[in-house]
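For the sequence shown, the positions run 158 to 318 when our numbering is used. Here the structure comes first, spelled out in structure tokens, and everything after it is commentary.
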Amino acid sequence: MPESLKAFDNIDYQILHMLHEDCWVTVAEMSRRLRINERTTKRRLERLVSTGACRPAVVVSPDAFGYTTIVDIELHVEQAHYDGAVAFFTGNVAVSYLSAGWGEMNMLVQARFKNSEEMASFINETIPGLQGVTIVKYEIVPKIYFNTDKWMPEEGDFKKK
């Protein structure tokens, strides 16, 4: 087990699990369920956030705003243009996911659009207009079943107390 995980125990798991199930759960309610002091619960929650184990966030549903056309785009970006491509894609409202890759594809972009015309323009005009960026392939994504906002580590990833 990596050293960073040894600091988290089953109480931390229970706190994360409760927040994952209901982000509106109060510290008082978590403390009641865990049968521990509210200050202890609050301190543990603050430690989970300060160590980067979790972060408070609002997850916006693109579908609710009409962004229902999704595409995964594999790119090859020349090293000299990599930072510029990262800056471009992270600043583009259509981009919902950006990661590095290895091999021929060294950048992966997931983008969402309100219609297929917007998507076609992004694929056929916007990206080809970026210096040092080549599309390796792209795939239309008709449905996402599971996303990172649903991911949770296993209870076994936390040490027993």
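C-beta atoms are modelled at their ideal positions from N, C-alpha and C, and glycine is treated no differently.
Keeping to the same chain, check which residues put their C-beta closer than 6 Å to that of M158; ignore five residues upstream and five downstream. Caution applies to M158, whose pLDDT of 45 falls short of 50 and renders its modelled position unreliable; the value that the coordinates give is listed next. Counting only residues of its own chain and dropping the five nearest sequence neighbours on each side, M158 has no CB closer than 6 Å to any other CB.
Given V234, which residues of its chain have a CB within under 7 Å of its CB, disregarding the five upstream and five downstream residues? Close CB contacts of V234 within its chain, under the 7 Å cut and outside five residues either way in sequence, are with A242, N263, M264, G289, V290 (chain order).
Just curious, the beta strand (DSSP E) that R269 is in, first and last residue? 264-270
Hey, which unbroken runs of the alpha helix (DSSP H) at 4 residues or more fall wholly within the region 186-263? 195-207, 239-247
Quick one: residues in its chain with C-beta nearer than 8 Å to the C-beta of I284, no 5 flanking neighbours on either side, listed in chain order? I230, L232, V290, I292
Where does the unbroken beta strand (DSSP E) through E275 begin, and where does it stop? No beta strand (DSSP E) holds E275; the alpha helix (DSSP H) holding it covers 273-278.
Would a C-beta distance cut-off of 8 Å place L191 and D169 closer than the cut-off? no
In angstroms, rounded to a whole number, what distance separates the CA positions of D306 and F246? Each residue's alpha carbon lies about 20 Å from the other.
Applying the criterion that 16 or more other CB atoms from any shown protein chain within 10 Å of the CB defines a buried residue, is M187 buried or exposed? buried
Are there 16 or more other CB atoms within 10 angstroms of the CB of V228, so buried, or fewer, so exposed? buried
DSSP three-state call for K317: helix, strand or coil? Note: K317 maps to coil in three-state DSSP.
Helix, strand or coil at M158 [DSSP, three-state]: Residue placement at M158 cannot be trusted, given a pLDDT of 45 that sits under 50; the coordinates are not used to answer.
By the three-class DSSP mapping on this structure, what secondary structure does M178 have? The sequence given here has Glu at residue 178, not Met. E178: helix per DSSP, three-state reduction.
What whole-angstrom Cβ distance do F279 and A251 have, given they're in contact under 8 Å? 6 Å
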